[in-house]
Structure formats: structure tokens, C-alpha cells
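See below for the structure under consideration.
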Amino acid sequence: MSEENVKHLIGKVFDDIANAIETGDFSDKVKVGITLLGSEHGTSNIVKGAEMASKDSSFEVVLIGPSVDTDLRIVKAETEEEQHKVMERLLDEGEIDAAVTMHYNFPIGVSTVGRVVTPGLGNEMYIATTTGTSSTHRVEAMVKNGLNGIITAKSMGIENPSVGILNVDGARQVEKALKELKKNGYDINLSESMRSDGGSVMRGNDLLTGTPDVMITDSLTGNILMKVFSSFSTGGSYESLGYGYGPGVGEGYKRNILILSRASGIPVVSNAIKYAAETARGNIIEISKREHDDAKKAKYNDILQNLTKEKKSTESQEEIKAPEKEIVTGSISGIDIMELEDAVVELWKNNIYAESGMGCTGPIVMISESKVEKAIEVLKKAGYATEESDPC
């Protein structure tokens, strides 16, 4: 670090001390980490966004990646894989309270809640969800997405967020499940469409105006919506609006990790960091535990089980045990989401340890790198993989 940077940091420390004495607030600042590698617009795009966000003195920004010319603190990492490992370590050790990154694979059961500014009336809206997948069963996933959206909105200070369900396949089943949950005692503020026929199932108009605080949809549709909302004015190659794809939320998940697209531009990078800081200050992980506990008291698990009962009744009763666990750093894409778990079991049958996951481009099967080619052959033979299924 240059002598000028050192002087700058020393000056910042004294400024922080002076501000604390003046305001009486000696609490530690929220710290948000952001990984530098992976943007289609280059590392400088991320650095500039981080520097823009750091002008807000209520939180601290920590860069994770290679050395760059900046006054911000940097924790060194030379590859995308290494920066994710460093990010996870900093989160687990409490060195940072939240992190923003790109191309991160969440486990099945965790999905992200995006935050957009709608073009009709300029309202903010949370899209639940935008990456990852809450379940391999579509309707069950969307019900879980709704809870994820409520959790995120509450962490942002919205005490009783209004909730709408986008009119996609399964919307009516989701509506029925949420109304049952509400009847059982879990308070859900179901929104009404702006259209004359009303109802909790939202139309395209409701997307444009931001009718509900939380819009429930499946993750793949949500991902498309995020891209449209964030880059409709730029032609799609540069996301200039909104707050990114948001925090990964799921029962028992204890890392506050928010997602950016590789196409996210400087303003979105800055906003995503602010979004991360706000969810950290709002204790999103604690709220997630509380809301899941409250939902379970209202027979949440029974409702979800009923949604998947028909599928489970048609499944083979044969119990397939997983082979001995291995490190799964290899992955295969191109598996249909509805067949993902069956594909994993097929590999187990062939003595290949596998896990399901979700990459930024869709569902993936994760296996040992040494067994990728063999796994692809097995999955193609069983009809789960196609010629388009490739190692990630």
C-alpha cells in the first residue's frame, strides 16, 4: 500500500473515532465483503461500484480478490474459486457480516430475493426468487419462495409486507397453500391485483407498477424479470438499475450472501452492497429462523408435504443409499430441474457419489472431478442428460 493510502486510512480511523465521540455511537460498523473477479465489465467495474457504496459511512466495504488501486481494504485472492473460499471464511469467522458475489452455487433449498425499482410508478419490489432453487418441486418451491420474500422484506424494515403471486404455472396451488397457512395462524398480507378482477394472483400490470412488496414466482422466471428490470434501458448487456439478485435465503442457511450478475454495472454493484448492509443490520438470518419457526407452528411442513404427496406416491419404494461421500468440485449442467434428484439417485445406483445444486445457469449435478465423464455417460444412458449436458 502506498504512503498516501496509509495516510488516508489513518485519517479515516481518526474521523471514525471523532464521529463516534460526537454521536455517542461506539458500535462496530456492519462490514460487507465483495468479490472482484468474474464481471463481464472487468474488475474496475466492481471496484468503482464498491467505492461508490463506501461513500455511505454507516458501513465498511471489504474487497476480496487481487490487488487493485484503491483505498478500500483488500483481502487477497487470485482466482474466482479462491475468492469464494475466502469470502466464506470471512463470513463464518465474523470478519464480515454480509457478502456480494457472482456465479455462486447455493445448495438446493436456498434461493435469492431480488430487489427492483418498477418502471410504472417507481415503487420498490422484492422478487422471490431470482437465483437458486428452494425445491425441485415447482409449487413447493414457490411457496418457499414466498416465505423467503417475506423474510427479506422484514429484514429491510417492512413489518407487514404485502405478497402477490405472479400468474405463472402453479400460481393457484401456491395461493391455496398460502391461504391455508394463513388460516392456520401464520400472518400473510396477501395483496390485491390492480386489475378490476383483483385477487392475489398478479398480472403483468402489477409487475410494472410494483403492486405487492413481494412478488412470488419461480426462480427461472424471477431471473428473467431481474434482467429485464435492470437492463431494459441499456439493451441487456449492462445492468444499470436496481439492487441485484439479492440474499440467499433458506431454512437453516446461515450465510448472508447476495448475488450479482456478471452483467451488473457500477450502479447495481453499489446498490447491491447497500442492500447487503441493510439486510445485515436487519438481522436477516435471525428473522429467517423466527419466520420459519412461526410458519411451522401453522403446519407449514404438512402443507408442503401435501403439495408433493402425489409425486412421492409414484416414486419407487426402493431405497437407494448414497455411496461414501466425496469432495464434489465437478459438475454437470443440462439436467431438467424436475428430474434433478432422480438423476442424483441414478448416479448413486452406479456407485458414483453425487449431490444436487443450482448454478447461475440452472440446475447442476455435483460429483468428483475425476468422475465427470463417467457420470455423463450414466446420465445419458438413463435419459437424464442430453448431448447439451456438459461439465460446468
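Position in the sequence shown counted from 1, then plus 1323, gives you our numbering.
By construction, the Cβ of each residue, glycine as well, lies at the ideal position given by its N, Cα and C atoms.
Small disclaimer: the values here were computed from a predicted structure and weren't measured.
- Boundaries of the beta strand (DSSP E) around I1655: G1653 to S1656.
- According to the DSSP secondary-structure assignment, K1697 is paired through a beta bridge with no residue.
- Contact check for I1582 against T1424 passes: the beta carbons are separated by less than 8 Å.
- By DSSP's assignment, G1455 forms a beta bridge with S1434.
- For the pair T1602 and P1570, the CB atoms are nearer than the 8 Å cut-off.
- Counting C-beta pairs with one atom in each stretch, the segment 1544 to 1560 and the segment 1369 to 1381 have fewer than three that are closer than 8 Å, which means they do not touch.
- Residue burial annotation: I1643 is exposed, with fewer than 16 other C-beta atoms found within 10 angstroms of its C-beta.
- When DSSP states are grouped into helix, strand and coil, M1517 belongs to the coil group.
- Around V1667, the same chain offers A1677, E1678, S1679 and V1688 as residues with beta carbons nearer than 8 Å, after the five sequence neighbours per side are excluded.
- If you ignore the 5 residues before and after K1352, its C-beta comes within less than 6 Å of the C-beta of F1382 and E1383, all in its own chain and listed in chain order.
- A straight-line Cα-Cα distance of about 47 Å links G1365 and K1632.
- Here D1420 is buried, its C-beta having at least 16 other C-beta atoms within 10 Å.
- Shown here, Y1598 sits in a helix according to DSSP, grouped into three states.
- In the three-state reduction of the DSSP assignment, Y1623 falls in the helix class, which pools H, G and I.
- In this structure, the straight-line span from the alpha carbon of Y1623 to that of T1456 is close to 18 Å.
- Assignment of M1689 by DSSP, reduced to helix, strand and coil, places it in the strand class.
- Counting every other CB atom within 10 Å of its CB across the protein chains shown gives V1695 a total of 16 or more, marking it as buried.
- Within 10 angstroms of the beta-carbon of G1472 lie 16 or more other beta-carbons, which makes it buried.
- In the DSSP assignment, F1382 forms a beta bridge with V1353.
- Taken through DSSP and simplified to helix, strand or coil, A1586 comes out as coil.
- The Cβ-Cβ distance between V1537 and A1373 does not fall below 8 Å.
- Residue pairing by DSSP leaves F1552 without any beta bridge partner.
- Under the three-state reduction of DSSP output, R1396 falls in the strand class.
- As the crow flies, the alpha-carbon of L1663 is around 15 Å from that of I1675.
- Boundaries of the beta strand (DSSP E) harbouring L1489: S1485 to L1489, taken from the DSSP string.
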